[in-house]
Amino acid sequence: MNLCNLWMALCFFVASAFLWQDADPMSSHQIPIAEPLVEVKRGSITESRHRGHIVVVDPEGNIIASLGAPENVTYLRSSAKPFQALPLLITGAADRFGFTDREVALACGSHNGEPIHTELAASMLKKIGLGPDALHCGAHEPYGEKPLDANTAQTFQTSAASVRSEMRPGGRYAFVSPAERARIDAALSDIDKVYAEHGGLDGQDSKVRVFNDQELVNAILERRDERTICSNAVATGSLVRVTKCATYAHEFGTRDASLRD
Numbered sequence: 238m239n240l241c242n243l244w245m246a247l248c249f250f251v252a253s254a255f256l257w258q259d260a261d262p263m264s265s266h267q268i269p270i271a272e273p274l275v276e277v278k279r280g281s282i283t284e285s286r287h288r289g290h291i292v293v294v295d296p297e298g299n300i301i302a303s304l305g306a307p308e309n310v311t312y313l314r315s316s317a318k319p320f321q322a323l324p325l326l327i328t329g330a331a332d333r334f335g336f337t338d339r340e341v342a343l344a345c346g347s348h349n350g351e352p353i354h355t356e357l358a359a360s361m362l363k364k365i366g367l368g369p370d371a372l373h374c375g376a377h378e379p380y381g382e383k384p385l386d387a388n389t390a391q392t393f394q395t396s397a398a399s400v401r402s403e404m405r406p407g408g409r410y411a412f413v414s415p416a417e418r419a420r421i422d423a424a425l426s427d428i429d430k431v432y433a434e435h436g437g438l439d440g441q442d443s444k445v446r447v448f449n450d451q452e453l454v455n456a457i458l459e460r461r462d463e464r465t466i467c468s469n470a471v472a473t474g475s476l477v478r479v480t481k482c483a484t485y486a487h488e489f490g491t492r493d494a495s496l497r498d
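So the mapping is simple: my numbering equals the position in the sequence shown, first residue as 1, plus 237.
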């Protein structure tokens, strides 16, 4: 078996060498070396370098200036969004519907789905007589938004009420374990107590106490919500590895049902 494996490896190496020799000489240079564009320093030490390709052309496509490899082909990704928003301005639609500078800026770029962004999007939809159901892509979870926000008494009361509600059967966090639920309840009660006693987060001790409680709750809930979890394993009776994905709630619901059976 060892000799067989060695022979196969040798054949693969020789075949690869011939393929490499016959390959297009440009294939090893599909991704040209990018030019250093920005350096981030801490004192006298360079912490990071950011590289890229830049090209400036005239209306006829003639290169006026460039850095890196102007012939490099890549995806526009979100860089295309300002161009996609041009018809909004050129046709006069932005003026027709009274879009503000902030609303036009939202149309020109990506955003994280935080309230400051969704409020602008809702305002734009309202001005053209539509609602969120008109969005073909649907709604997405905000990036970077935590389940619990205890930075102020008001945000804490709102998000704590949401957390408690979502821990009920059928909720997003219904599958937290009894031990985790007890820790969450204790942390929420402790934050309640801090705001009741001090009215805010004036002292350093209060800030640290609330922050620690907040991060404890978020650490538990971010593992126990309905985000997709995937596993890659060999199926029973097969040699093929299969990737299966399901929500956390589905996985633990199936497990609990099998235990009851």
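Note that beta-carbon positions come from the ideal geometry of N, C-alpha and C, so glycine has one too.
Mind reading off the beta-carbon distance from residue i to residue j? Whole number of angstroms is fine, and I expect it under 8 angstroms.
i: A371; j: L362; result: 7 angstroms
i: I428; j: V445; result: Rounded, the Cβ-Cβ distance is 12 angstroms, inconsistent with contact.
i: P273; j: H290; result: That pair is no contact at about 11 angstroms.
i: L367; j: Y410; result: Not really, about 32 angstroms apart at Cβ, beyond 8 angstroms.
i: E276; j: R286; result: 5 angstroms
i: K364; j: G335; result: 6 angstroms
i: A424; j: L453; result: 5 angstroms
i: Y432; j: A397; result: That pair is no contact at about 10 angstroms.
Is residue i helix, strand or coil when you go by DSSP?
i: K278; result: strand
i: P273; result: strand
i: A302; result: strand
i: T337; result: coil
i: T392; result: helix
i: R409; result: coil
i: S285; result: strand
Note down, in chain order, each residue of its chain lying with its Cβ closer than 6 angstroms to the Cβ of residue i, except the 5 sequence neighbours on either side.
i: Q451; result: L385, A387
i: N309; result: P269, H290
i: V341; result: A331
i: G305; result: A271, E272, H290
What residue range does the alpha helix (DSSP H) around residue i cover?
i: I268; result: No alpha helix (DSSP H) contains I268, which DSSP labels as neither H nor E.
i: V431; result: 415-435
i: V310; result: No alpha helix (DSSP H) holds V310; DSSP gives it neither H nor E.
i: I353; result: 352-364
i: K383; result: Where K383 is concerned, there is no enclosing alpha helix (DSSP H), given that its DSSP letter is neither H nor E.
i: F320; result: 318-321
Using a Cβ-Cβ cutoff of less than 7 angstroms, which residues in the same chain neighbour residue i once the five nearest sequence positions on both sides are dropped?
i: V292; result: I300, S303, P307
i: M404; result: Y410, A411, V413, R418
i: R288; result: A271, E272, P273, L274
i: S360; result: E340
Ordered along the chain, which non-local residues of its own chain (more than five positions away) have a Cβ less than 8 angstroms from that of residue i?
i: L323; result: none
i: K278; result: E284
i: S402; result: G408
**OP:** For the region 341-357 and the region 312-329, state whether three or more C-beta atom pairs, one from each stretch, are separated by less than 8 angstroms.
**Re:** yes
Original post:
Between the region 431-445 and the region 397-413, do at least 3 Cβ pairs fall closer than 8 angstroms?
Top reply: no
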